[in-house]
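The sequence shown begins at 497 in my numbering and counts up one residue at a time.
Glycine included, each C-beta is placed from N, C-alpha and C at the ideal position.
Okay, so here's the structure we're looking at.
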Amino acid sequence: MNKIVFEHYPASNLPEELRKGLEKDAMVRVVIEEEAKDEERDPFPGFRNLPKIERKPMTRGETLAAIRRIKAEDRPSVSAEEAVARIRRLRDEWDD
Numbered sequence: 497m498n499k500i501v502f503e504h505y506p507a508s509n510l511p512e513e514l515r516k517g518l519e520k521d522a523m524v525r526v527v528i529e530e531e532a533k534d535e536e537r538d539p540f541p542g543f544r545n546l547p548k549i550e551r552k553p554m555t556r557g558e559t560l561a562a563i564r565r566i567k568a569e570d571r572p573s574v575s576a577e578e579a580v581a582r583i584r585r586l587r588d589e590w591d592d
């Protein structure tokens with residue numbers, strides 16, 4: 497990305513739309529940067545190398561089958577008190 501900087505540039509030399517709100521005899525600093533192209537913009541740089549997984553929406557039948565499969569695993573539910581105790585233990589690990 498290219499960048500051009502003008503120090504102590506007379507505001508009177510700027511286009512009218514850029515001079516709004518400036519004194520006529522003011523000196524300004526002008527920075528011109530070329531914007532990155534869309535393909536160069538990467539909002540999540542650490543995720544670029546992760547494998548791409550295409551997921552299609554589940555049908556109603558697939559959703560019901562998944563619910564049945566999860567219920568069949570019969571995982572014991574956790575009470576609110578047990579959940580709070582687990583969270584407090586995890587939090588307290590960082591107090592040391």
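Threshold first: 4 residues or longer. Then list the alpha helix (DSSP H) segments lying entirely within the region 512-582, N to C.
Fully enclosed alpha helix (DSSP H) runs of 4 or longer: 512-515 and 556-568.
Spatial distance of residue 522 from residue 548 (CA atoms):
Taking the sequence shown and counting its residues from 1, one reaches residue 522 at position 26. Taking the sequence shown and counting its residues from 1, one reaches residue 548 at position 52. Rounded to whole angstroms, residue 522 to residue 548 spans 53 Å at the Cα level.
Any heavy atom of the ligand MG closer than 7 Å to the CB of residue 553?
Of ligands this structure carries none, so the ligand MG is not represented either.
C-beta contact flag for residue 518 and residue 524 at 8 Å:
The sequence position of residue 518 within the sequence shown is 22, counting from 1. The sequence position of residue 524 within the sequence shown is 28, counting from 1. The Cβ atoms of residue 518 and residue 524 sit closer than 8 Å to each other.
Among 498, 559 and 588, whose alpha-carbon lies nearest the alpha-carbon of residue 533?
Locating residue 533 in the sequence shown gives position 37, where the first residue counts as 1. Nearest C-alpha to residue 533: 498.
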